[in-house]
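Line by line, the protein sequences give chains A and B. For the first sequence, this note's numbering gives the first residue as 322, with consecutive numbering after it. For the second sequence, this note's numbering gives the first residue as 322, with consecutive numbering after it. Don't be surprised by glycine CBs; every beta carbon is placed ideally from N, CA and C. Beneath this line is the structure, given in structure tokens, with notes to follow.
Number of protein chains: 2
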Amino acid sequence: MRKLKYYVACTIDGFIAHEDHTIDGFPSEGEHITDYLESLKQFDVVLMGRRTYEFGLKLGVTNPYPAMKQYVFSRTMKESPDENVELVSDNIAELVRKLKNETGKDIYLCGGADLATMLLGENLIDEIILKLSPVLFGSGIPLFSGVIKQTALEHTDSKIYASGVLLLHYRVKN
Amino acid sequence: MRKLKYYVACTIDGFIAHEDHTIDGFPSEGEHITDYLESLKQFDVVLMGRRTYEFGLKLGVTNPYPAMKQYVFSRTMKESPDENVELVSDNIAELVRKLKNETGKDIYLCGGADLATMLLGENLIDEIILKLSPVLFGSGIPLFSGVIKQTALEHTDSKIYASGVLLLHYRVKN
């Protein structure tokens, strides 16, 4: 079965973005970026929440991951701005279960927190990969929104970059 | 000048304790614990908030760090339960500035979040040392309470334990 990996940059105080969904403060250059871009080759499907997708959209990016099948989850968007992006408005967990049972590469959950919270609650997230960045935001969008249940993780791999970013791999123990 | 180090266990989602100040879920055995106990020798003063102190008090521990000068910050406690523990009710930042200017070993800030938030706001925290533990709490006491300003950190050292705990050292860039 394909794995679903929640793979995000995160501050030391647990935020994946500022309140307005911008990400100033995360180191934007260095080996951790080239490694990240290379690592995307393990995925052929990406899942994202509407606000995560809209962050790119505001910059004019309608097709953020052209090498992957892209799903955006939203109850409010009426139409996909790009033929490569499929809008999904309901039965999200059901779709994700179906995708996980198909053959293919792993599935990339790139954000946001609401979607991650829902999918963790459904025991659908297999791994959490953090690009833990040497910064405190003080406020913003947390790694998970709302209350999730206590969940044990297994630390499986780490890489330390000169930028101070730590790439941390965890398996979710369901 | 002596350094003030905020040195706490923290979950992957940024919590230092559950809402009720208990800490079930942090690995409680292993080399990371013996290293932690050994590392306390770098300190001869410890600062803590009332609720952090009361966590030990409920277990009958009135003198948690007998080898250190202990300060508990509280506006509500009337009397210290132990002659080795000094209660401080106001001018906290002023006291901490004075302590930092005295000669001696470094100063240990063991929690909680309110005290850490206030001291970070006063630019008094020099280092953040996280025992990053492989668990999600989902809710609880965050690393910092309330909104702090965005703060850049420098990653200075790491150690990875078999328990999956990562000991992460950061210098606060003021």
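I need the straight-line Cα distance from residue i to residue j, nearest angstrom please.
i: A:Asp334; j: A:Tyr386; result: 28 Å
i: B:Leu416; j: A:Gly346; result: 32 Å
i: B:Tyr491; j: A:Val456; result: 9 Å
i: B:Ala434; j: B:Gly459; result: 17 Å
i: B:Ile449; j: A:Lys399; result: 46 Å
i: B:Met369; j: A:Pro348; result: 32 Å
i: B:Tyr429; j: B:Ala437; result: 11 Å
i: A:Gly485; j: B:Glu404; result: 43 Å
i: A:Thr343; j: A:Phe376; result: 7 Å
i: B:Ala330; j: A:Ala473; result: 15 Å
i: A:Ile462; j: B:His339; result: 20 Å
i: A:Ile469; j: B:Thr332; result: 13 Å
i: B:Thr397; j: B:Leu420; result: 23 Å
i: B:Tyr270; j: A:Leu489; result: Only positions 322 to 495 of chain B appear in the structure, and residue 270 of chain B is not among them; the question remains open.
i: B:Leu361; j: B:Leu380; result: 21 Å
i: B:Asn495; j: B:Met322; result: 15 Å
i: B:Val493; j: A:Ser454; result: 13 Å
i: A:Val409; j: A:Ser395; result: 6 Å
Let me make sure I understand the geometry here. Which of the options has the alpha-carbon closest to that of residue i?
i: A:Arg418; options: A:Met439, A:Ala483, A:Asp435; result: A:Met439
i: B:Glu443; options: B:Ala414, B:Leu361, B:Thr397, B:Gln391; result: B:Ala414
i: A:Gly351; options: A:Arg492, A:Gly377, A:Tyr482, A:Asn495; result: A:Tyr482
i: A:Lys452; options: A:Met322, A:Arg323, A:Phe336, A:Lys324; result: A:Phe336
i: A:Tyr328; options: A:Asn495, A:Ile446, A:Lys494; result: A:Ile446
i: A:Gln363; options: A:Leu489, A:Gly467, A:Asp427, A:Ser466; result: A:Asp427
i: A:Val366; options: A:Ile449, A:Asn495, A:Lys324, A:Lys399; result: A:Lys324
i: A:Glu407; options: A:Thr383, A:Thr424, A:Lys494; result: A:Thr383
i: A:Pro305; options: A:Thr332, A:Arg371, A:His339, A:Lys421; result: Outside the displayed range of chain A (322 to 495) lies residue 305 of chain A, so it cannot be described from this structure.
i: B:Lys326; options: B:Thr343, B:Leu441, B:Asn405, B:Val393; result: B:Leu441
i: A:Val393; options: A:Ser454, A:Asp411, A:Leu380, A:Gly381; result: A:Asp411
i: A:Cys431; options: A:Asp341, A:Glu423, A:Leu464, A:Asn422; result: A:Leu464
i: A:Lys274; options: A:Gly381, A:Gly425, A:Leu378, A:Leu380; result: The requested residue 274 of chain A is not part of the displayed model; chain A covers only 322 to 495.
Give the interface partners of residue i over in chain B, defined as CB-CB distance under 8 Å, in chain order.
i: A:Gly459; result: Phe465, Val468, Ile469, Lys470, Gln471, Thr472
i: A:Leu451; result: Ile333
Name the chain B residues that come within less than 9 Å of residue i, Cβ to Cβ?
i: A:Ser479; result: Ser479, Ile481, Leu487
So with CB distances below 8 Å, who are the chain A contacts of residue i?
i: B:His342; result: Those within 8 Å of B:His342 in chain A number zero; the least Cβ separation is about 15 Å.
i: B:Gly346; result: Gln471, Ala473
How far does the beta strand (DSSP E) with residue i in it extend, from its first residue to its last?
i: A:Tyr482; result: Note, A:Tyr482: premise wrong, no beta strand (DSSP E); not H, not E.
i: B:Ile449; result: 448-454
i: A:Leu325; result: 325-332
i: A:Val406; result: 406-409
i: B:Phe336; result: 336-338
Given that residue i touches chain A, what residues does it touch there, using C-beta distances under 9 Å?
i: B:Glu475; result: Pro455, Gly485
Starting from residue i and walking both ways along the alpha helix (DSSP H), at which residues does that stretch end?
i: A:Gly432; result: No alpha helix (DSSP H) holds A:Gly432; the beta strand (DSSP E) holding it covers 427-432.
i: B:Glu352; result: 352-360
i: A:Val417; result: 413-422
i: B:Tyr392; result: Not the alpha helix (DSSP H): B:Tyr392 falls in the beta strand (DSSP E), residues 390-394.
i: A:Leu378; result: 371-378
Using the beta-carbon of each residue, which ones in chain B are nearer than 7 Å to residue i?
i: A:Tyr491; result: Ile333, Pro455
Given 7 Å as the limit, tell me if residue i has its C-beta closer than that to any heavy atom belonging to the ligand FAD.
i: A:Lys470; result: Among the ligands in the structure shown, none appear at all, so the ligand FAD cannot be discussed.
Three Cβ pairs or more, each shorter than 8 Å: is that satisfied between the region 461-477 of chain B and the region 357-364 of chain A? Output reads no: the region 357-364 of chain A does not touch the region 461-477 of chain B.
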